[in-house]
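Trainee: After the structure tokens below, expect a handful of questions from me.
Residue numbers (this note's numbering): 75 to 397.
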């Protein structure tokens, strides 16, 4: 029996996926997000189906090795699973549901995108492809090809070896970023780092919001920094994020507060003040409107989901939720 080259590649990816699943099952034995020994790399595990809930990811590459996630942003729907990896070029709240069972838990690798490394790779590539075709989007789910699947396998194998991880891991992470940049999603990452296109200008505004969400932010300042009129900024911001600038700021603050309560143990008043709310009661109302539960109930739920792990880094640098 003979196989075409595409069938052979698919068999190779399936074998790699099985090995990755085996190793991830050992590296992430409990539910939640597990920081790895390599900076910027986290392992994700969920043993049960999780209904559609609000989440927030930082710019990242997510490779699901078992299970399935489905994301929703406005009218857009995207699936990332063992055949499709997700790239987020900008930090963006969206809604997500997860398919998983105790027998086949969701197992995934999340790699935070270091924009300095990305910019360095783009310079090394001497990128001269010119303007991108069509309108860029904040989310892309792209078929997983053999070179990237192989790199993910080598990354997880390195993580399984305390001796290999610090030596080999950073180079493999850089290779994965390179594979993504030279793949179908490279254009959107490239334009997110430049200001010649409206998407890049909005990406700059989003990074500003995430670095300064605790302080007073107004649309006029954000529009001026983006080099856009107020009307154009509003329109382009909504085209990228499916929401208004101030609603985005509010949602970002609520997500950060959620993590501060769940993982740093802050109470409602302290979390509200930390993310810029002057009124704890207003914070509680808006929190329940977004997440469907009170802040205290949500903190207990997230702590239970992640097994109450001790924080390993300042929470204000972590955007992703437990699911």
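Cβ coordinates follow ideal geometry from the N, Cα and C atoms, glycine included.
Treat the numbers as computed from the prediction; the structure is a model and nothing was measured.
Under the rule that 16 or more other beta-carbon atoms within 10 Å means buried, what is residue 304, buried or exposed?
Mentor: Along the chain shown, read from residue 1 onward, the residue named residue 304 stands at position 230. Burial call: exposed.
Trainee: Within a Cβ cutoff of 7 Å, which residues of the same chain sit near residue 275, ignoring the five residues on either side of it in sequence?
Mentor: As a position in the chain shown, residue 275 is number 201, starting the count at 1. The answer, listed in chain order, is 269, 300, 301, 302.
Trainee: Hey, quick one: how far does the beta strand (DSSP E) through residue 106 stretch, first residue to last?
Mentor: As a first step, residue 106 is located in the chain shown; it is residue number 32 there, counting from the start. Start and end: 106-109.
Trainee: Could you tell me whether any Cβ in chain B is nearer than 7 Å to the Cβ of residue 362?
Mentor: This model lacks chain B altogether; it includes just one protein chain.
Trainee: Between the beta-carbon of residue 354 and the beta-carbon of residue 342, is there less than 7 Å?
Mentor: If you number the chain shown from 1, residue 354 lands on position 280. If you number the chain shown from 1, residue 342 lands on position 268. The answer is yes: Cβ separation under 7 Å.
Trainee: Can you find at least 3 beta carbon pairs, one from the segment 192-201 and one from the segment 251-265, that sit closer than 8 Å?
Mentor: As far as the Cβ criterion goes, the segment 192-201 touches the segment 251-265, which means the pair count is three or higher.
Trainee: Going straight from the alpha carbon of residue 384 to that of residue 308, what length do you get?
Mentor: For the purposes of this step, residue 384 is identified with residue 310 of the chain shown, where counting begins at 1. For the purposes of this step, residue 308 is identified with residue 234 of the chain shown, where counting begins at 1. Since pLDDT at residue 384 reaches only 37, below the 50 mark, its modelled position is unreliable, and the value read off the structure follows with that caveat. Going by the C-alpha atoms only, they are around 39 Å apart.
Trainee: Per DSSP, residue 145 forms a beta bridge with which residues?
Mentor: Residue 145 sits at position 71 when you count from the first residue of the chain shown. Paired residue(s): 152, 170.
Trainee: Could you name the residues that DSSP lists as bridge partners for residue 118?
Mentor: Along the chain shown, one-based indexing puts residue 118 at 44. Its beta-bridge partners are 107, 182.
Trainee: Leaving out the 5 sequence neighbours to the left and right, which residues in its chain are closer than 6 Å to residue 238 when beta-carbon positions are compared?
Mentor: Within the chain shown, the letter at position 164 stands for residue 238. Here the set comprises 232.
Trainee: At the level of alpha carbons, what is the spacing between residue 132 and residue 152?
Mentor: Taking the first residue of the chain shown as position 1, residue 132 is located at position 58. Taking the first residue of the chain shown as position 1, residue 152 is located at position 78. Their Cα atoms are separated by approximately 17 Å.
Trainee: Grab the span of the beta strand (DSSP E) containing residue 288 for me, first residue to last.
Mentor: By one-based count along the chain shown, residue 288 stands at place 214. Looking at the DSSP string, residue 288 is not in any beta strand (DSSP E), and its letter there is neither H nor E.
Trainee: Take the Cβ of residue 279 as the centre, count every other Cβ of all protein chains shown within 10 Å, and call the residue buried at 16 or more, exposed below.
Mentor: The residue given as residue 279 occupies position 205 in the chain shown. Buried, by the Cβ-count rule.
Trainee: Determine, using beta-carbon pairs with one atom in the segment 357-367 and one in the segment 317-336, whether at least three such pairs fall under 8 Å.
Mentor: The segment 357-367 is in contact with the segment 317-336.
Trainee: Where do the N-terminal and C-terminal ends of the beta strand (DSSP E) with residue 136 fall, by residue?
Mentor: Indexing the chain shown from 1 puts residue 136 at position 62. Counting along the chain, the beta strand (DSSP E) containing residue 136 begins and ends at 134-140.
Trainee: Can you give the Cα-Cα distance for residue 314 and residue 361, rounded to whole angstroms?
Mentor: Here residue 314 refers to the residue found at position 240 of the chain shown. Here residue 361 refers to the residue found at position 287 of the chain shown. Each residue's Cα considered, the two are about 23 Å apart.
Trainee: By how many angstroms is the C-alpha of residue 106 removed from the C-alpha of residue 157?
Mentor: Here residue 157 refers to the residue found at position 83 of the chain shown. Here residue 106 refers to the residue found at position 32 of the chain shown. When rounded, the distance between both Cα atoms is 22 Å.
Trainee: Tell me whether residue 241 is buried or exposed, calling it buried when 16 or more other Cβ atoms sit within 10 Å of its Cβ.
Mentor: The residue given as residue 241 occupies position 167 in the chain shown. By the 10 Å Cβ count, residue 241 comes out exposed.
Trainee: Go to residue 215, then tell me how far its beta strand (DSSP E) extends in each direction, as first and last residue.
Mentor: As a first step, residue 215 is located in the chain shown; it is residue number 141 there, counting from the start. Residues 213-217.
Trainee: Would you please state the rounded distance, in angstroms, between the beta carbons of residue 183 and residue 230? I believe it to be under 8 Å.
Mentor: Residue numbering aside, residue 183 sits at position 109 when the chain shown is read from its first letter. Residue numbering aside, residue 230 sits at position 156 when the chain shown is read from its first letter. That pair is a contact at about 7 Å.
Trainee: Quick one: what does DSSP say residue 128 is sitting in, helix, strand or coil?
Mentor: The sequence position of residue 128 within the chain shown is 54, counting from 1. Correct three-state label for residue 128: strand.
Trainee: Specify the secondary structure class of residue 349 as computed by DSSP and reduced to three states.
Mentor: Working through the chain shown from its first residue, we reach residue 349 at position 275. In the structure shown, residue 349 sits in coil (DSSP, three-state: anything other than H, G, I, E or B).
Trainee: By a C-beta neighbour count over all protein chains shown, 10 Å radius and 16 as the cutoff for buried, is residue 350 buried or exposed?
Mentor: Counted from its first residue, the chain shown places residue 350 at position 276. By the neighbour-count rule (16 or more Cβ atoms within 10 Å), residue 350 is buried.
Trainee: One question on the structure: do residue 141 and residue 180 come within less than 7 Å of each other, judged by their Cβ atoms?
Mentor: Here residue 141 is taken as the residue at index 67 of the chain shown, counted from 1. Here residue 180 is taken as the residue at index 106 of the chain shown, counted from 1. Yes, Cβ-Cβ distance for residue 141 and residue 180 is below 7 Å.
Trainee: Run through the DSSP bridge pairs and tell me what residue 158 is partnered with.
Mentor: Here residue 158 corresponds to residue number 84 of the chain shown, with the count starting at 1. Paired residue(s): 155, 217.
Trainee: With DSSP run on the structure shown, which of helix, strand or coil describes residue 88?
Mentor: On the chain shown, residue 88 is found 14 positions in, with the first residue counted as 1. Reduced to three states, the DSSP call for residue 88 is helix.
Trainee: Pull up the distance between the alpha-carbon of residue 127 and that of residue 171, whole angstroms please.
Mentor: For the purposes of this step, residue 127 is identified with residue 53 of the chain shown, where counting begins at 1. For the purposes of this step, residue 171 is identified with residue 97 of the chain shown, where counting begins at 1. Whole-angstrom Cα-Cα distance: 7 Å.
Trainee: Note down the Cα distance separating residue 187 from residue 219, rounded to an integer number of angstroms.
Mentor: For the purposes of this step, residue 187 is taken as the residue at position 113 of the chain shown. For the purposes of this step, residue 219 is taken as the residue at position 145 of the chain shown. Rounded to whole angstroms, residue 187 to residue 219 spans 19 Å at the Cα level.
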